[in-house]
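Novice: Each residue of the sequence shown is one higher than the one before, starting from 1387 at the first, in the numbering used here.
For each residue, glycine too, the CB sits at the ideal point set by N, CA and C.
Have a look at this one before I ask anything.
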Amino acid sequence: MIHRFPVRVYYEDTDMGGIVYHANYLRFIERARSDWVRNLGNDQNAMRDAGLIWVVRRIEADYLAPAKFDEALRIETEVQKVTPARLTMSQQVFRGETELFRAIVTVVCVNAESGAPIRLPAEIRALL
């Protein structure tokens, strides 16, 4: 299942050249992941209250083409692999049918107090 999330490029997202500043792609894909998790029915506030939080462990990113001010973009998120301890997904940013950015993102759950990694809860693995 592919999750699609729309983003509009605002002035604040761009650099002096009028193109999206490279770090902002990470913000765009974070928003898309948060929306995707919410749509799955995973309540991140309830997780945190139970002492668990999602954290990004690794991102491998490729910048393919620039996005510019006021363009409408689409972020697509798709699960690649789920293990007892990790969730790996692909995320791509498109302008129309043109791919601008792609990333492989690995997230894990950690204990909110100690920061120690923990296994993904069974109910979360079931959602995926």
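Just confirm the distance between the C-beta atoms of VAL1496 and ILE1490, as a whole number of angstroms; I'd bet it's less than 8 Å.
Specialist: So it is not a contact: roughly 20 Å between Cβ atoms.
Novice: Keeping to the same chain, check which residues put their C-beta closer than 7 Å to that of ARG1380; ignore five residues upstream and five downstream.
Specialist: The structure shown does not extend to residue 1380, since the chain spans only 1387 to 1514, so no value can be given for it.
Novice: Straight-line CA distance for GLU1485 to GLU1416?
Specialist: Taking the straight line joining both Cα atoms gives about 17 Å.
Novice: Quick check on ASP1448: does DSSP put it in helix, strand or coil?
Specialist: Strand, per DSSP.
Novice: Which of the three DSSP states is assigned to GLY1476 in this structure?
Specialist: Reading the sequence as shown, one finds Ser at residue 1476 and not Gly. Three-state result, SER1476: strand.
Novice: Please determine, among PHE1487, TYR1449, GLY1482, ILE1439, the residue with the shortest C-alpha to C-alpha distance to ARG1472.
Specialist: Comparing Cα-Cα distances from ARG1472 to each of PHE1487, TYR1449, GLY1482, ILE1439, the minimum goes to ILE1439.
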